[in-house]
Amino acid sequence: MSKYFSEARSARAVNARMGPSVNPRLREVMACLVEHLHAFAKEIHLTQQEWELAIDFLTRTGQICGDERQEFILLSDALGFSMLVDAINNRRPPGATESTVFGPFHVAEAPERAMGECIALDGKGESCLFHGQVFDLQGKPVERARIDVWSDNADGFYDVQQPAIQPKWNNRGIFTTGPDGRYSFVGIKPVSYPIPHDGPVGQLLQRLGRHPYRPAHMHFLVTAPGFEKLVTHTFVGDDPYLASDTVFGVKETLIAPFDRVDDGETIWRSAFDFLLTPTDAPR
Ligand code: BEZ
Ligand code: FE
Numbered sequence: 001m002s003k004y005f006s007e008a009r010s011a012r013a014v015n016a017r018m019g020p021s022v023n024p025r026l027r028e029v030m031a032c033l034v035e036h037l038h039a040f041a042k043e044i045h046l047t048q049q050e051w052e053l054a055i056d057f058l059t060r061t062g063q064i065c066g067d068e069r070q071e072f073i074l075l076s077d078a079l080g081f082s083m084l085v086d087a088i089n090n091r092r093p094p095g096a097t098e099s100t101v102f103g104p105f106h107v108a109e110a111p112e113r114a115m116g117e118c119i120a121l122d123g124k125g126e127s128c129l130f131h132g133q134v135f136d137l138q139g140k141p142v143e144r145a146r147i148d149v150w151s152d153n154a155d156g157f158y159d160v161q162q163p164a165i166q167p168k169w170n171n172r173g174i175f176t177t178g179p180d181g182r183y184s185f186v187g188i189k190p191v192s193y194p195i196p197h198d199g200p201v202g203q204l205l206q207r208l209g210r211h212p213y214r215p216a217h218m219h220f221l222v223t224a225p226g227f228e229k230l231v232t233h234t235f236v237g238d239d240p241y242l243a244s245d246t247v248f249g250v251k252e253t254l255i256a257p258f259d260r261v262d263d264g265e266t267i268w269r270s271a272f273d274f275l276l277t278p279t280d281a282p283r
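Take the sequence shown: its position 98, counted from the start at 1, is 98 in UniProt numbering, and no numbers get skipped.
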């Protein structure tokens, strides 16, 4: 057999070049990636022109990235890859609250707020009381759970997308549970919004006949000592984009009730409990 590159033994030729002292996991990951990448090109008979198009697409994807924009994660999201990685890494016991995509709009160190406080600072939107309890898998309330929440405003934008228009920390806050595990805060009933679609990912979605919308949701990052970090959302059940979320983040169990209330201080009320997985739970 020739020692040179050929179509038939292309992946093997590349993988055989790895040195003897390569990190074992890096060896495994790269060998598998090269095998699948080469098999993909062969299966679809990738043309030279298509290869150039792909290089141009990836170049533009990189060029639009900056401190405020991560187009590669957006690409991963739009291809369902982020949700796949999330699923592989968050196989939880039955009953535990499911995770979903993190998204690019979380900002660390949001203001710590008192239970019941309002996070909607721009006066827009339909007010909603979010409330519930954090439990362990035995139904015991979890104390000292930190619930970091964020959502878009009534115009469908996060505060960081409109720093000149929205107040800083609009629709964000961190709440810490007491011994009863209860949480509550006032926000707005979220609205559906498009992911940033003025770049290469937006162009790809358009070429694929896909819309860029996400169904309305509230983001939650729940952490507590002794429990696995939970990154999730609650979704508004009557949203027209539930079945076609552009980043595939919807799970049946995360669709929360949003009830119109006539007698309360808010227009809507949404109850949702979180069931956390202990860090030592069997996988
Ligand atoms: C979000 O829900 O904030 C989000 C998730 C993925 C891509 C873009 C936005
Ligand atoms: Fe979001």
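Quick reminder that beta carbons are idealized off the backbone N, C-alpha and C, glycines included. Bear in mind that the values here come from a model prediction, so they are computed numbers and not experimental data.
Could you check what DSSP says for residue 106 in three-state terms: helix, strand or coil?
Mapped onto the sequence shown, residue 106 falls at position 106. Reduced to three states, the DSSP call for residue 106 is coil.
Report back the beta-carbon spacing between residue 96 and residue 277 to the nearest angstrom; my notes put them in contact at under 8 Å.
Taking the first residue of the sequence shown as position 1, residue 96 is located at position 96. Taking the first residue of the sequence shown as position 1, residue 277 is located at position 277. Yes, residue 96 and residue 277 are in contact; Cβ-Cβ is about 4 Å, under 8 Å.
Mind reading off the beta-carbon distance from residue 235 to residue 256? Whole number of angstroms is fine, and I expect it under 8 Å.
The residue you call residue 235 lines up with position 235 of the sequence shown. The residue you call residue 256 lines up with position 256 of the sequence shown. Indeed, because the Cβ distance is near 7 Å, the residues count as touching under 8 Å.
Quick check: is any heavy atom of the ligand BEZ less than 7 Å from the C-beta of residue 195?
Locating residue 195 in the sequence shown gives position 195, where the first residue counts as 1. The answer is yes for residue 195.
Nearest-angstrom Cα distance between residue 38 and residue 132?
Counted from its first residue, the sequence shown places residue 38 at position 38. Counted from its first residue, the sequence shown places residue 132 at position 132. Spanning the two alpha carbons is a distance of roughly 50 Å.
If you pair each beta-carbon of the region 115-124 with each one of the region 177-192, do three or more pairs fall below 8 Å?
Contact between the region 115-124 and the region 177-192 is present: 3 or more CB-CB pairs across the two stretches fall below 8 Å.
Expressed to the nearest angstrom, what Euclidean distance is found between the alpha-carbon atoms of residue 240 and residue 213?
Here residue 240 refers to the residue found at position 240 when the sequence shown is read from its first residue. Here residue 213 refers to the residue found at position 213 when the sequence shown is read from its first residue. Looking at the two C-alpha atoms, the distance is approximately 10 Å.
Need the endpoints of the alpha helix (DSSP H) that residue 76 sits in, please.
Sequence index remark: in the sequence shown, residue 76 carries index 76 (1-based). Residue 76 -> alpha helix (DSSP H) spans 71-78.
Which of helix, strand or coil DSSP assigns to residue 217:
Your numbering for residue 217 matches position 217 in the sequence shown. Three-state result, residue 217: strand.
Within this structure, are the beta carbons of residue 243 and residue 146 separated by less than 8 Å?
Your numbering for residue 243 matches position 243 in the sequence shown. Your numbering for residue 146 matches position 146 in the sequence shown. Contact flag unset, no.
In chain order, what residues of the same chain have a beta carbon less than 6 Å from the beta carbon of residue 269, not counting five sequence neighbours either side?
Counting from one through the sequence shown, the residue named residue 269 turns up at place 269. Within the same chain, residue 269 has close Cβ partners 129, 259 and 261.
Environment of residue 166 [buried if 16+ CB atoms lie within 10 Å]:
If you number the sequence shown from 1, residue 166 lands on position 166. Classification of residue 166: buried, given that the 10 Å Cβ count is 16 or more.
Any idea which residues DSSP pairs residue 133 with across the strands?
Position 133 of the sequence shown, counted from the start, is the residue given in the question as residue 133. BP columns for residue 133 point to 182.
Within 10 angstroms of the Cβ of residue 219, are there 16 or more other Cβ atoms? Answer buried if so, exposed if not.
Here the question's residue 219 lines up with position 219 in the sequence shown. With 16 or more Cβ atoms within 10 Å of its Cβ, residue 219 is classed as buried.
Since residue 86 is in the alpha helix (DSSP H), which residue starts that stretch and which ends it?
Stepping through the sequence shown from its first residue, residue 86 is reached at position 86. Here the alpha helix (DSSP H) through residue 86 covers 81-89.
Do three or more CB pairs link the region 67-80 to the region 182-190 at distances below 8 Å?
They do not touch, by the three-pair rule.
When you compare the region 71-84 with the region 201-208, are there three or more beta-carbon pairs, one atom per stretch, that lie closer than 8 Å?
Contact between the region 71-84 and the region 201-208 is present, because at least three Cβ pairs lie under 8 Å.
Just how far apart, CA to CA, sit residue 284 and residue 57?
Look at the range of the chain in this structure, 1 to 283, and you will see that residue 284 is not part of it.
Within the present structure, is the beta-carbon of residue 191 separated from the nearest heavy atom of the ligand BEZ by less than 7 Å?
One-based indexing of the sequence shown puts residue 191 at position 191. The closest heavy atom of the ligand BEZ lies 7 Å or more from the beta carbon of residue 191.
Can residue 84 be considered in contact with the ligand BEZ, in the sense that its beta carbon sits closer than 7 Å to one or more heavy atoms?
Locating residue 84 in the sequence shown gives position 84, where the first residue counts as 1. No; taking the cut-off as 7 Å, the Cβ of residue 84 has no heavy atom of the ligand BEZ nearer than that.
Nearest-angstrom Cα distance between residue 88 and residue 99?
Locating residue 88 in the sequence shown gives position 88, counting from the first residue. Locating residue 99 in the sequence shown gives position 99, counting from the first residue. One C-alpha to the other measures close to 11 Å.
Mind reading off the beta-carbon distance from residue 170 to residue 121? Whole number of angstroms is fine, and I expect it under 8 Å.
If you number the sequence shown from 1, residue 170 lands on position 170. If you number the sequence shown from 1, residue 121 lands on position 121. Indeed, because the Cβ distance is near 5 Å, the residues count as touching under 8 Å.
With distances taken Cα to Cα, identify the nearest neighbour of residue 140 among 52, 26 and 181.
Residue numbering aside, residue 140 sits at position 140 when the sequence shown is read from its first letter. Considering only alpha carbons, the answer is 181.
Environment of residue 18 [buried if 16+ CB atoms lie within 10 Å]
The residue given as residue 18 occupies position 18 in the sequence shown. Per the 10 Å Cβ criterion, exposed.
Please state whether DSSP places residue 55 in a helix, a strand or coil.
The sequence position of residue 55 within the sequence shown is 55, counting from 1. In the three-state DSSP reduction, residue 55 falls in the helix class (H, G or I).
Cβ neighbours of residue 92 in the same chain (closer than 6 Å, five flanking residues each side left out)
Taking the first residue of the sequence shown as 1, we reach residue 92 at position 92. Same-chain partners within the cutoff: 277.
Can you name the start and end residues of the beta strand (DSSP E) that residue 38 belongs to?
Residue 38 sits at position 38 when you count from the first residue of the sequence shown. Not the beta strand (DSSP E): residue 38 falls in the alpha helix (DSSP H), residues 24-44.
Give the DSSP bridge partners of residue 278, in chain order.
For the purposes of this step, residue 278 is taken as the residue at position 278 of the sequence shown. Residue 278 is bridged to 227.
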